[in-house]
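> Handing you this structure, nothing more for now.
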Amino acid sequence: MKNKNTILSASVLFFLGSFAFGQEKEKDSLKTNNVEEVVVLGSRAGARSKVDSPVPVDVFNIKEASVVLPQSTIGQILNSLAPSFTSTIQTNSDGTDHLDPAQLRGLGPDQVLVLVNGKRRHTSALVNVNGTPGRGTVGTDLNAIPSFALNRIEVLRDGASAQYGSDAIAGVINLELKKDTGKLTGQISYGGNLTPTANDHTGNFDGQNIQLDLNYGNKIGNKGGFYNITWSSQFRDPTSRAGAESGSIYNAYNAIEKRALNDGVNLSSLFSNINNTPNSQQLIDYIHQYSQGVGYFSAAQQSAIQNTSIIQDIKDAQGNVIQKGLQSLLNFDVTDQELAYRGLTRKDFNMQVGQSKLNNHQLFANIEVPVSDDWKVYSFGGYSIRHGVSGGFYRKPNQSRTFTGLYADGYLPQIGTDIQDLSLAAGIKGKWNGWHIDLSNTFGQNSFTYNIRNTGNTSLRFNSPRDFNAGGLRFSQNTINLDFSKKYDVWNGINVAFGGEHRYENFKITAGEEASYATYDVSGNIWNNNSPRPTDFFGNALPGGSQVFGGFKPVNAVDKNRQSVAAYADVEFNFTNWLLVDAAARYENYSDFGSTFNYKLASRIKVAPNFNVRLAGSTGFRAPSIHQIYYNVTSTLFTNSQLLEVGTFSNDSRIAELLGIPKLKQETSKSASVGFTYRIPSANLSVTADGYFTKIDNRVILTDQFLRANVPTAAQEAFDAENVSGAQFFTNAIDTETKGVDVVIAHNIRVSGLKLDNSFAVNLSQTKRVGNIHSSGLLQSANLENTYFSEKSRVYLEEAVPRVKASLSHTLSWKNASFYLRNTYFGKVTGADIIDANGDGIVGPNEHQQITAKIITDLSLAYQFTKNVGLTVGVNNLFDIYPTRNLTASTNNDQFVYSRSTSQFGQNGRYVFSRLSFNF
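Heads up: the sequence shown is residues 8 to 927, going by the numbering used here.
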């Protein structure tokens, strides 16, 4: 901690000292050609200085920053550079492990719109239904685009639905592709986590990451045409951050079963359903025989086993046990003794907690060809394929979901995903009679295919495969845009823009193979709810479907589409050189829920030559994603310290009808912001500060799990028919308010070949539910309303991401060397579990663990050996900082040492890297 504070203090002094030095050396600093950053996002009037924009826009030069940054993916780069942006690698959350949910200003991943070269990017096919920030949302897969293909990133931190359409409630992120020509550039990166907590806290090194990036561009013709192509390949190993499994693993029956297996006898072959076993005496005899080989059984335990000739307990009419059977006598814990006998340790039963294994390959292209002096055609897009493997919850031998006839020591199931992403945009733009015209078509498709490995369908017993095709998800989107804009020489200039959009969306769920979802009876046929099911020795029914992720059933399969049409107008008035007003309006109609009209008004007032005041107000909307409307599946979820089969059901399902879950409708929002920009040219210093407020009505959330025991009888019967213990739904449950402040201070100095760039940025934000929960009828009962919008859901929404995030960074360059230092402050967050956090022995209804604030330090050094070859070495999280450790109640038998339900800075620890850069 002392070292961390020393670095931070030195960093602050460095910033202040260089500011003073910049003022003293005014003449030297003015000699430099300091090109001011310009932005195109947030206005259709063309590029302008970002400090003259009527709305706050951040600009990040990714082409330059990629040389020194430890992070290599877009989400992680933005998480380190933009305090208003949050994204961390998830763990043990199914497909979300391979797609990091991204949030802006604390709002949801589906409330920020992503553009590529100014065109709408399609969202992911994945619906985040697990216990992580952004639960219930559908975001954009930023990991499908290689960061090496980008020139820069613009982040508009203001509501912009009236300009860009649905999803832009929190803001807009525009990814600008490279246009470089005439050279081949590339980099080879190698890194990993060097930390004492690596390999499940045994130390050394894990999470090895190797990445190759190549970019090549060339001219087309001699009128400014070009093509630029990027290839990127990433090979990422998993990290392991679990503690040692502390729970029960083996019972006495497992011990006897192992002694029999050692002698070639598989006890599971002697019965299918323990309640109907014709050769039960043979099974009893084997248990008597092999129990004698368990040396640690006490004399009393051996005597009780040998003197019992029944399997089930004998009970009287009142249910009292008259005589204990072997099921009762053998159901005691022998974990420590059996581990010693088998030569295993508790760590052999750990989950894989940490980042997932990932192989990612991406190809992206950006092409532009003039066809005349005024017109050009363009195209851009790419293809990526990502193979991910993550771990689920360990299936222990003493659990009924483990068939010990095949897995005597249980097994760790794996969720494999094949994620394919395809995008292609093409268009023509140019000038005609003073009008700028742009006609384009943008297609995008994202798909998830689930391949479940090292697992089993327990109900199939010996006949179960180990690998399953569990089906998949696919989302496709096609957008046609026609845009017009023209500048008029009135006052200080008027820009008029208008246009239209047509968007087509398709969401598809493909069923998996039968064994991935079906439950089978003792005859190997699909269970019909009446036929006898296989059981374990203790009489527990063996569950069906592929363990860890049950496949999509034919009844889950959907192939749905919808369309929307929109028209917008945007007029920007430069009344004088000190007053700018921008007014925008947009009408949009969706085929599945109707129409919406939104507007925006923004202004910039130049109070002094270097001091601007800006303000904006707007309405916005977000159409419920087509995924949220039609997604339905059954999954194994870790809920309230237990594993449950939980169904996510669409709002038109029978269960939804029985519980009174309403149909989905659009979210609507009202936003306002006010701020200022201030420049001190003599010191090369700029300051921006913006306060903002966003109110969202009818916000779509994913409910908590309605448990079978808490619902009416008719609904219980529907639960039984679906073979689930719980059910959850997407619904417009609440209204929220978000308010906050963004401050950005940038400073640079150029003196005698020395270049110093300093930046400080901070985001303060708070989101909270306002008003009543939107429940009615049956849902208004206390136990159901608390499930409709639960305390856990409140924490995910309000407190799972930092309310305070700040960064202070410096880049010092001299001749061929660059030195980079950044300190990032991640504010406190709250764990979602309701536990006895204060240790008083009482679990309060809103009692949660607080995860304290931390500062992460990044350091790197880059040196350009020749004009063609450079090397960067560095470290992310220099002081190996970790989040606050979980309290015992949230660890799942010490497996989750750190919270997996918050988004702060991850749990991988110190990351060291080297990067060789080259260009020819």
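Each residue gets a CB set at the ideal place from its N, CA and C atoms; glycine is no exception.
#1: Would you give the residue range spanned by the alpha helix (DSSP H) that residue 665 belongs to?
#2: Please state whether DSSP places residue 520 in a helix, a strand or coil.
#3: According to DSSP, is residue 267 helix, strand or coil?
#4: List in chain order: all unbroken alpha helix (DSSP H) runs of 4+ residues lying wholly within the region 179–267.
#5: Check this for me: beta carbons of residue 357 and residue 117, under 7 Å apart or not?
#6: Terminal residues of the continuous alpha helix (DSSP H) containing residue 790?
#7: Check residue 541 in the structure and name its three-state DSSP category.
#8: Which of the three DSSP states, helix, strand or coil, is assigned to residue 127?
#9: With C-beta atoms as the reference, is residue 411 less than 7 Å away from residue 264?
#10: Would DSSP call residue 152 helix, strand or coil?
#11: At 4 residues or longer, what runs of the alpha helix (DSSP H) sit wholly inside the region 706–773?
#12: Which ranges would you report for the beta strand (DSSP E) in the region 802–868 if only whole runs of at least 3 residues count?
#13: Could you tell me how far apart the beta carbons of residue 129 and residue 482 are, in whole angstroms, since I believe they sit closer than 8 Å?
#14: Am I right that residue 843 and residue 896 are in contact with their C-beta atoms under 8 Å? What's the rounded C-beta distance?
#15: Is residue 251 closer than 7 Å to residue 360 when the C-beta atoms are compared?
#16: Is it the case that the region 525–540 contacts the region 443–453, given that we only count it when at least three CB pairs across the two stretches are under 8 Å?
#17: Beta-carbon within less than 7 Å of residue 585's beta-carbon, same chain only, minus the 5 sequence neighbours each way: which residues are those?
#18: On the DSSP bridge list, what partners appear for residue 439?
#19: Could you check what DSSP says for residue 297 in three-state terms: helix, strand or coil?
#20: Compute the Euclidean distance between the alpha carbons of residue 204 and residue 72, then round it to the nearest angstrom.
#21: Excluding sequence positions up to five away, which residues of its chain have a Cβ less than 6 Å from the Cβ of residue 861?
#22: Taking the C-alpha atoms as reference points, what is the distance between residue 254 and residue 799?
#23: CB-CB under 8 Å to residue 228, same chain, minus the five flanking residues each way: which ones, in chain order?
#24: Out of 147, 353, 189, which has the shortest C-alpha to C-alpha gap to residue 235?
#25: Put residue 117 into one of helix, strand or coil per three-state DSSP.
#26: So, is residue 324 buried or exposed, given that buried needs 16 or more other C-beta atoms within 10 angstroms?
#27: If I measure Cβ to Cβ from residue 709 and keep anything under 7 Å in the same chain, skipping five residues before and after, which residues do I get?
#28: Note down, in chain order, each residue of its chain lying with its Cβ closer than 6 Å to the Cβ of residue 157, except the 5 sequence neighbours on either side.
#29: For residue 617, which residues in the same chain have their Cβ closer than 8 Å to its Cβ, ignoring the five residues on either side in sequence?
#30: Inspect the CB distances between the region 542–559 and the region 416–424 and report whether three or more fall short of 8 Å.
#31: With distances taken Cα to Cα, identify the nearest neighbour of residue 893 among 905, 884, 788, 439.
#32: In three-state terms, what does DSSP make of residue 658?
#33: Short of 6 Å in beta carbon distance, which residues of its chain neighbour residue 761, apart from the five on each side in sequence? Order them along the chain.
#34: Could you tell me which of 852, 911, 907, 922 sits nearest to residue 876, measuring between CA atoms?
#35: Look up residue 926 in the DSSP assignment and give the residues it is bridged to.
#36: According to DSSP, is residue 356 helix, strand or coil?
In terms of the structure at hand:
#1: 661–666
#2: coil
#3: helix
#4: 205–208
#5: no
#6: 789–795
#7: coil
#8: strand
#9: yes
#10: coil
#11: 720–729
#12: 811–821, 824–833
#13: 7 Å
#14: 7 Å
#15: no
#16: no
#17: 612, 613
#18: 442
#19: helix
#20: 29 Å
#21: 833, 888
#22: 25 Å
#23: 376, 377
#24: 189
#25: helix
#26: exposed
#27: 136, 142, 143, 735, 737
#28: 69, 182
#29: 685, 686, 687, 688
#30: yes
#31: 905
#32: coil
#33: 821
#34: 922
#35: 192
#36: helix
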